[in-house]
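Okay, so the sequence shown: first residue is 147 according to this note's numbering, each after it adds one.
What follows is a set of notes on a single structure, which appears directly below.
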Amino acid sequence: MWLLLIGELIMALGIGMTQPYAVVLLHDIRGYSLAVATGIWALGPIVTIAGNAVAGPLIDRRGGRFVMVIGIVLVGISLLALAYGPGLASAMGSVMIGGLGFSFALPALATRLAILTPEKLRARVFTTEYVIMNLGMAIGAAVGGVAFAVWPPDTETGKSVLPMLWVAAAALSVVYIVVTVLAGRQMAPPSDDTDAMSKGGYRRALGNRTLVRILVAAALLSTLGYGIYNAAPSVMALAAADPAALGWAGVANSLAIVVGAPVALRLADRISARSALLCTAGLWGLAWAICVPTVLGGGLGTRAALTVASVLIGFGELLIAGALPTLINGMAPDDLRGRYNALSNLALTVGMAAGPLLTSASAVVDSTVSLLYVAVALAAVASLLLLRRTSVAEAKADGPQS
Numbered sequence: 147m148w149l150l151l152i153g154e155l156i157m158a159l160g161i162g163m164t165q166p167y168a169v170v171l172l173h174d175i176r177g178y179s180l181a182v183a184t185g186i187w188a189l190g191p192i193v194t195i196a197g198n199a200v201a202g203p204l205i206d207r208r209g210g211r212f213v214m215v216i217g218i219v220l221v222g223i224s225l226l227a228l229a230y231g232p233g234l235a236s237a238m239g240s241v242m243i244g245g246l247g248f249s250f251a252l253p254a255l256a257t258r259l260a261i262l263t264p265e266k267l268r269a270r271v272f273t274t275e276y277v278i279m280n281l282g283m284a285i286g287a288a289v290g291g292v293a294f295a296v297w298p299p300d301t302e303t304g305k306s307v308l309p310m311l312w313v314a315a316a317a318l319s320v321v322y323i324v325v326t327v328l329a330g331r332q333m334a335p336p337s338d339d340t341d342a343m344s345k346g347g348y349r350r351a352l353g354n355r356t357l358v359r360i361l362v363a364a365a366l367l368s369t370l371g372y373g374i375y376n377a378a379p380s381v382m383a384l385a386a387a388d389p390a391a392l393g394w395a396g397v398a399n400s401l402a403i404v405v406g407a408p409v410a411l412r413l414a415d416r417i418s419a420r421s422a423l424l425c426t427a428g429l430w431g432l433a434w435a436i437c438v439p440t441v442l443g444g445g446l447g448t449r450a451a452l453t454v455a456s457v458l459i460g461f462g463e464l465l466i467a468g469a470l471p472t473l474i475n476g477m478a479p480d481d482l483r484g485r486y487n488a489l490s491n492l493a494l495t496v497g498m499a500a501g502p503l504l505t506s507a508s509a510v511v512d513s514t515v516s517l518l519y520v521a522v523a524l525a526a527v528a529s530l531l532l533l534r535r536t537s538v539a540e541a542k543a544d545g546p547q548s
């Protein structure tokens, strides 16, 4: 298990070095217009949504280790192709290959961690994994930021040196592959009986109404906590002519995750996964409710409102990171565990894609406050879905009762 977490840190370093600067690479180094560069980068999440459907059965049939390795190999190829592939087709293909790789690797990692971790420790391990990932990405982003500052991308030196960051990230993915192969035990190969039970696997999984309800709640939470948060602060900061507010918000969010990690780890042993998700809904709903008076011209200033909201979002991220996979894997039968984790990842990805679309729609009608009202409403609906616990399996999967 710890080898997997160490590997996650290594891979996160590479992601942090490259992902925040991908549009800059496409625009300033590869020479595409900003509109084209952002459009290329948007292909990744689209492919990820489709890839999740393929990943689940693969994990259940071939095991998490195999699918993780395939996913990481695809990510490594995409990094090299994005930096050095010729032409627009290679740029588009590299982003799509990377999206497919992540759609394989992430649910496979969740499945392996669930198998390798005693049930009572899953929330703690998944929370630790999220903190490690954020730590690695922050360190990687700092390295990338220094590189882009020392060798600006609009200079000849920058154009030749900066793509090496993607080469370094690809090299780190090779290290991650080695760690992945060495880490922990593999899922048992399916027996004939298990293989027969797995037929129609997604149909069986989605026939579990409790799972569907949790997935819908997860998608709603992802929309308001990840998707809208990735887009709405920029709209608010620009409307207030205070782009520096985004920097304060980003720092506040990162500090909240780092400082809140010990508290989240203690709570993982003391409250149920469902209660943690309800706390997430409350924190994220409150975060956007605080911003409503700001947008209407009263309340806190934009910088202060976004800072407070970012802290609340960060605390919620810690809780959902441990609670959702704990609840999903607690309900999952062994022969469908890969599909359950793929569906969970799909729900989060859909929310991440829906949030920016809602933000764009609110910008078209020039009504940011409507977006904030929608975010608060989504938190309320998610809470209602989570409050309704109807199955014995869910009660068992839920963990410690609050």
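Positions of the beta carbon are idealized from the N, C-alpha and C atoms, including for glycine.
Asked, Found
"Buried or exposed by the 16-neighbour rule on C-beta atoms within 10 Å, applied to Leu507", "Here residue 507 is Ala; the residue named in the question, Leu, does not match the sequence. With fewer than 16 other Cβ atoms within 10 Å, it is exposed."
"For Trp297, three-class secondary structure by DSSP", "coil"
"Three-way DSSP call (helix, strand, coil) for Gln417 in this model", "Per the sequence shown, the amino acid found at residue 417 is Ile instead of Gln. Coil."
"Chain-order list of residues whose beta-carbon lies under 6 Å from that of Phe461 (same chain, five-residue window excluded)", "Ala402, Gly406 and Leu429"
"Residue nearest to Val511 in terms of C-alpha spacing, selected from Met157, Val381 and Leu328", "Val381"
"Residue from Pro389, Ile466 and Gly393 whose Cα sits closest to the Cα of Ile417", "Ile466"
"Exposed unless 16 or more other CB atoms sit within 10 angstroms - verdict on Asn487", "buried"
"Of the residues Pro502, Pro232, Arg258 and Pro298, the one placed nearest Gly373, counting alpha carbons only", "Pro502"
"Three CB pairs or more closer than 8 Å across the stretch 436 to 447 and the stretch 472 to 488", "no"
"Residue range of the alpha helix (DSSP H) that includes Ile186", "Leu180 to Trp187"
"Distance cut-off 7 Å: Phe461 Cβ against heavy atoms of the ligand GDP", "Absence of the ligand GDP is noted for the structure shown, with no ligands found whatsoever."
"Sequence-distant residues of the same chain with beta carbon closer than 6 Å to Gly431, five excluded per side", "Val522 and Ala525"
"Collapsed DSSP secondary structure at Ser513 in the structure displayed", "coil"
"Reduced DSSP secondary structure (H/G/I, E/B, other) of Gly444", "coil"
"Met147 (DSSP reduced to helix, strand or coil)", "coil"
"Complete runs of the alpha helix (DSSP H) confined to the stretch 372 to 434 [at least 4 residues]", "374 to 385 and 390 to 414"
"Buried versus exposed call for Gly217 [16 or more other C-beta atoms within 10 Å across all chains shown]", "buried"
"Beta-carbon proximity of Thr583 to Ile161, cut-off 8 Å", "Residue 583 lies beyond the stretch modelled for the chain, which goes from 147 to 548, so this question has no answer here."
"Ala235 versus Ala398: straight-line alpha-carbon distance, rounded", "38 Å"
"Thr453 versus Pro298: straight-line alpha-carbon distance, rounded", "29 Å"
"Thr301, buried or exposed, once every other Cβ within 10 Å from all chains shown has been counted against 16", "exposed"
"When Val200, Pro471, Leu530 and Leu532 are compared against Gly247, the one with the closest alpha-carbon", "Val200"
"Coil, strand or helix - Gly177 by DSSP", "coil"
"Burial state of Ala493, where buried means 16 or more other Cβ atoms lie within 10 Å", "buried"
"Range covered by the alpha helix (DSSP H) that runs through Ala365", "Arg355 to Ser368"
"Of the residues Ala383, Asp480, Gly185 and Leu482, the one placed nearest Met242, counting alpha carbons only", "Gly185"
"Contact belief for Gly210 with Arg268 at Cβ below 8 Å, rounded distance in angstroms", "Not quite, the Cβ-Cβ distance comes to about 15 Å (not below 8 Å), so this is no contact."
"Three-way DSSP call (helix, strand, coil) for Leu308 in this model", "coil"
"Check whether Leu367 and Thr273 have beta carbons under 8 Å apart", "no"
"Cβ shell of Ala227 (< 6 Å), same chain only, five flanking positions each side left out", "Ser236 and Ser240"
"Contacts around Asp174, its chain only, beta-carbon distance under 6 Å, and the 5 residues preceding and following it disregarded", "Pro299 and Asp300"
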